[in-house]
Amino acid sequence: MSSESFTSDSDSPPRKIQKLAAEIPQNLKYISLDREFLTDVSTVSFAILKGLNKKDIFKVIKNLPELPPKYRHLKRVNDEKQILIAPASSNIDKLQAKLTDDYGNNVEIYYKDVSEMPSELRLHFDKANLLWPVKLVANEENEKLIKYW
1 MSSESFTSDS DSPPRKIQKL AAEIPQNLKY ISLDREFLTD VSTVSFAILK
51 GLNKKDIFKV IKNLPELPPK YRHLKRVNDE KQILIAPASS NIDKLQAKLT
101 DDYGNNVEIY YKDVSEMPSE LRLHFDKANL LWPVKLVANE ENEKLIKYW
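Numbering (UniProt numbering), first residue to last: 1 to 149.
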């Protein structure tokens, strides 16, 4: 056998060529991430009622106006038995006077920042839950994306 038969191009497999960074297309588009992929939780100020007995909480909740649909992700009562009343932008003077008449001066209304938008990621849920208890409406697709991000 001759040495030419071993180096023949017709018998050997094609040579692999390493791609260079210069060959990467330069027309890639910048994609902005939506709110669900941001790590911050947007907040809104809400009126909170505290100082009620455990047995009076249900009565008060029945008489409170419903939360606007935008805030249905917020739970009405937290672990300390404080009640979410209404956004700070609402006028609650009449409600405050009625609550004071019905339950005495030991009830107090204060304002606190709570999560403004529903949590779709566990990351948002954990952060929003530190502010006020919220419901998690999990989005499995986004959870998988954020996991590998």
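Quick reminder that beta carbons are idealized off the backbone N, C-alpha and C, glycines included.
The continuous alpha helix (DSSP H) containing Asp102 extends over residues 93–103. Beta-bridge annotation (DSSP): Ile85 is not paired with any residue.
If you draw a straight line from the Cα of Leu145 to the Cα of Asp101, it comes to about 52 Å. For Glu108, the enclosing beta strand (DSSP E) covers residues 108–115.
Under DSSP, Ser90 shares a beta bridge with no residue. A distance below 9 Å separates the beta carbons of Ile83 and Lys50. If you check the CB distance, Ser115 and Leu52 do not come in under 9 Å. Three or more Cβ pairs closer than 8 Å define a contact, and the segment 57–76 meets that threshold against the segment 121–141. Taking every protein chain shown into account, the CB of Val137 has fewer than 16 other CB atoms within 10 angstroms, so this residue is exposed.
Measuring C-alpha to C-alpha distances from Ile85 to each of Ala128, Ile17, Ala47 identifies Ala47 as the nearest.
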